[in-house]
Structure formats: C-alpha cells, structure tokens
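In what follows, a structure is listed as structure tokens, so that the remarks can point back to it.
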Amino acid sequence: MGNENSIPAPQLPPPVPPSSWPPPPPAVVSQRREDPPRPPPQGATYQRETRPSDIEKKREKEGDEKNTRYGKQGRDHHQQSLKPVVSLPENLQDILKEADSDTDKSSTDKLYDQLYSSGLFLSHKTKKLWVNKLNCNCFMLYARALSITWGEDPRYWKWIQVQESSGTMIEAAELKRVCWLEVNGRLDTRKLTAGVRYEVCFHVMLKDPAQGWEVPVNVRLVLPGGKKQEHKENLISKMRVQWIEIPVGQFVAPVHDDEGGEMEFSLYEIEGGAWKQGLVIKGVSVKPKSHEYRIPLE
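What follows is the structure in structure tokens.
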C-alpha cells in the first residue's frame with residue numbers, strides 16, 4: 001500500500017513530435033502596394049509647377065495687357081515708375097542762370113531727362129553740366145571758356161569744330177605755332193556735389209605734325225585758400241590723333257559754402273623756348289574720381 005500523504009508527480013507536457021520542430025517562422029504582415037498613378041482622363045488639365053521664367057512671362061503678359069488697356073498713358077506711367085529715385089542738384093537754380101536758351105525748363109521731368117542723359121549746355125555752348133549715375137554734378141569747360149594766351153590771334157591759334165558724344169558741335173582750339181604756351185581756367189567749387197572727391201583733367205589731342213614737345217608741359221591746380229598741386233606731363237610719349245586726358249589734380253568738394261570758392265587750373269610751358277605745334281585743346285573736365293566719389297559728411 002502506498003503512502004496516502006505522498007505528493008503526486010507533476011504532469012509533463014507530451015513530447016513534441018519531430019515533424020513540428022523547429023517551430024515555423026512568425027507570419028509576415030504583407031504591405032499594401034499602392035496602385036500606380038492612373039493617366040488623367042481625356043480632356044482633363046492640370047496646373048504644372050511654376051518656375052521663375054513662367055512668373056516673368058506672366059508679368060510681361062500682364063504689363064502688355066495694361067498697356068493695351070490704358071494706351072500710351074499707361075506705358076508712360078510704367079516707364080516713369082522705372083526711373084531711379086534721385087533729386088535734382090540743390091544749386092541747380094543758380095547754375096540754370098547760365099543755361100542756353102534751348103534748355104527746356106518747363107518741367108522737372110524734362111530737366112531731369114537732360115541732366116541725366118546728354119547734359120545741359122551753358123554760356124553759349126562753352127560749358128556743360130550733367131549728373132552721373134552716382135547723382136553727382138559733373139562739368140566740362142570747353143576751350144572757349146578757357147583763357148588761352150594769343151588764342152584770338154590767327155597767326156598762333158585757329159578755332160575748329162569738333163563733335164561731342166551727343167552729336168553737338170562745339171569749338172576747340174588748335175595750336176598752329178607758338179613758343180609761349182599758357183592755358184588757364186576757373187570753376188567755383190560750390191557748384192559741385194558736397195563731400196565728393198573730384199578730378200580735374202585737360203582733354204587734348206596731338207595732330208601730326210606735332211612738334212616741339214621734347215620739353216614736358218606743366219599742369220597746376222590751385223584750390224580755394226591757395227593750396228597748390230603741380231606736376232609735369234611728357235606729351236611727346238602720348239598717343240596721337242585721339243583724345244587723351246591729362247590729369248591735373250584731385251580735391252574734395254567743400255561741404256560748407258564758406259569753405260568753397262574759385263579754383264584755377266593751368267597747362268603751360270613758357271621756359272623751354274621751343275616752337276610748338278599740333279596740339280588741339282577741347283576743354284577741361286571736373287568729374288568724380290572713380291571708386292572714391294564720396295567722403296563721409298560730418
């Protein structure tokens with residue numbers, strides 16, 4: 001007889017048959033494949049992606065429609081809106097007192113067009129004023145606005161017509177033969193744009209036969225207050241039969257009127273004694289110096 005208090009043996013699971021081992025891999029959940037894009041139905045239209053070129057074409061088309069709708073007035077208004085926002089020179093009214101009679105002063109827009117394109121002729125086409133892209137006053141003093149020793153004596157000088165870049169004919173002085181060369185000019189620095197660095201240059205040409213230039217010429221700039229800049233230029237090495245610029249000096253236009261006044265510029269050779277010929281003087285330019293046009297104002 002067995003012991004009534006004995007613990008019964010645990011029941012073990014039945015052995016796994018060899019055919020079910022190893023266990024099967026877990027089931028893979030299949031991913032739903034998206035259907036390929038269907039072709040658009042016949043007659044359907046879609047808006048494609050907008051590119052910069054498309055935007056520009058759209059704006060041009062809208063502009064053409066506006067021009068057609070509003071006519072010439074609409075086109076003029078559109079062109080006017082494209083002009084840079086600039087102001088006329090502060091001292092323009094004083095300068096206009098010297099303007100030639102053909103200057104159109106009827107409106108600010110017409111003055112603007114002349115100043116920023118071909119320029120205004122002053123004092124019977126002996127000077128010219130224009131405004132550059134930096135909104136700075138520029139001047140050209142032609143030969144008739146300069147003082148040339150014996151310039152009115154036909155034995156030594158003759159006056160010829162030369163064409164400006166705008167097509168206008170102006171007078172230039174051609175040297176026939178002289179041993180005493182002296183050319184002077186003046187300009188009030190208060191007519192310039194305040195705080196701008198300017199450069200003064202003679203515009204000349206050497207025509208064959210150009211002789212007597214073995215001795216360098218002197219160029220000089222005398223600023224208001226008496227400060228001088230002077231150096232020599234060797235003309236014999238310059239290019240022939242084309243306009244060249246002879247730099248005279250640089251300065252900063254005054255900020256205050258009491259600092260300004262007349263400056264004087266000169267080209268001369270009076271000591272060598274050689275007879276000279278073949279020099280054509282077109283004039284003197286006073287323009288902002290490139291890349292150094294404006295000095296910070298206090």
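When we follow the UniProt record's numbering, the leftmost residue of the sequence shown carries the number 1, and every step to the right adds one. Quick reminder that beta carbons are idealized off the backbone N, C-alpha and C, glycines included.
Open item on the list: By the DSSP assignment, the beta strand (DSSP E) with residue 93 in it spans what residues?
Closed with: That residue, residue 93, is in no beta strand (DSSP E); its alpha helix (DSSP H) goes 92-96.
Open item on the list: Do residue 146 and residue 185 count as a contact pair if the criterion is CB distance below 9 Å?
Closed with: The answer is yes: Cβ separation under 9 Å.
Task: Three-way DSSP call (helix, strand, coil) for residue 123 in this model - done: It is coil, neither helix nor strand.
- [ ] Figure out for me which residue from 175, 269 and 215 has the closest Cα to the Cα of residue 205.
- [x] 175 is the residue among 175, 269 and 215 whose C-alpha sits nearest the C-alpha of residue 205.
Task: Endpoints, alpha helix (DSSP H) assigned at residue 112 - done: Here the alpha helix (DSSP H) through residue 112 covers 108-115.
TODO: Determine the contact status of residue 125 and residue 94, defining contact as a CB-CB distance below 9 Å.
DONE: No, the Cβ-Cβ distance between residue 125 and residue 94 is not below 9 Å.
Task: Check whether residue 232 and residue 216 have beta carbons under 9 Å apart - done: Going by C-beta atoms, residue 232 is nearer than 9 Å to residue 216.
Open item on the list: Let me make sure I understand the geometry here. Which of 136, 182, 133 and 158 has the alpha-carbon closest to that of residue 270?
Closed with: Closest in C-alpha terms to residue 270, from the list 136, 182, 133 and 158, comes 182.
Open item on the list: Applying the 10 Å Cβ sphere with the 16-neighbour rule, what's the burial state of residue 138?
Closed with: Residue 138 should be labelled buried.
Task: Own chain partners of residue 283 with C-beta closer than 6 Å, once the 5 adjacent residues on each side are dropped - done: The answer, listed in chain order, is 140, 141, 142, 143 and 203.
Open item on the list: Judging by CA-CA distance, which residue of 199, 212, 264 and 195 is the nearest neighbour of residue 257?
Closed with: The shortest C-alpha separation from residue 257 is found at 195.
Task: Of the listed residues 98, 118, 157 and 135, nearest to residue 277 (C-alpha basis) - done: For the set 98, 118, 157 and 135, the Cα lying nearest the Cα of residue 277 is the one of 157.
TODO: Return the chain-ordered list of same chain residues with a C-beta closer than 8 Å to the C-beta of residue 228, the five sequence neighbours on each side being excluded.
DONE: Around residue 228: 220, 221 and 222.
TODO: Over the uninterrupted beta strand (DSSP E) stretch that includes residue 302, give me the two end residues.
DONE: As displayed, the chain neither begins before 1 nor continues past 298, which places residue 302 out of reach and without an answer.
- [ ] Would you identify the three-state DSSP class for residue 259, choosing helix, strand or coil?
- [x] Residue 259: helix per DSSP, three-state reduction.
Task: Beta bridge counterpart(s) of residue 266 as assigned by DSSP - done: According to DSSP, residue 266 bridges with 184 and 220.
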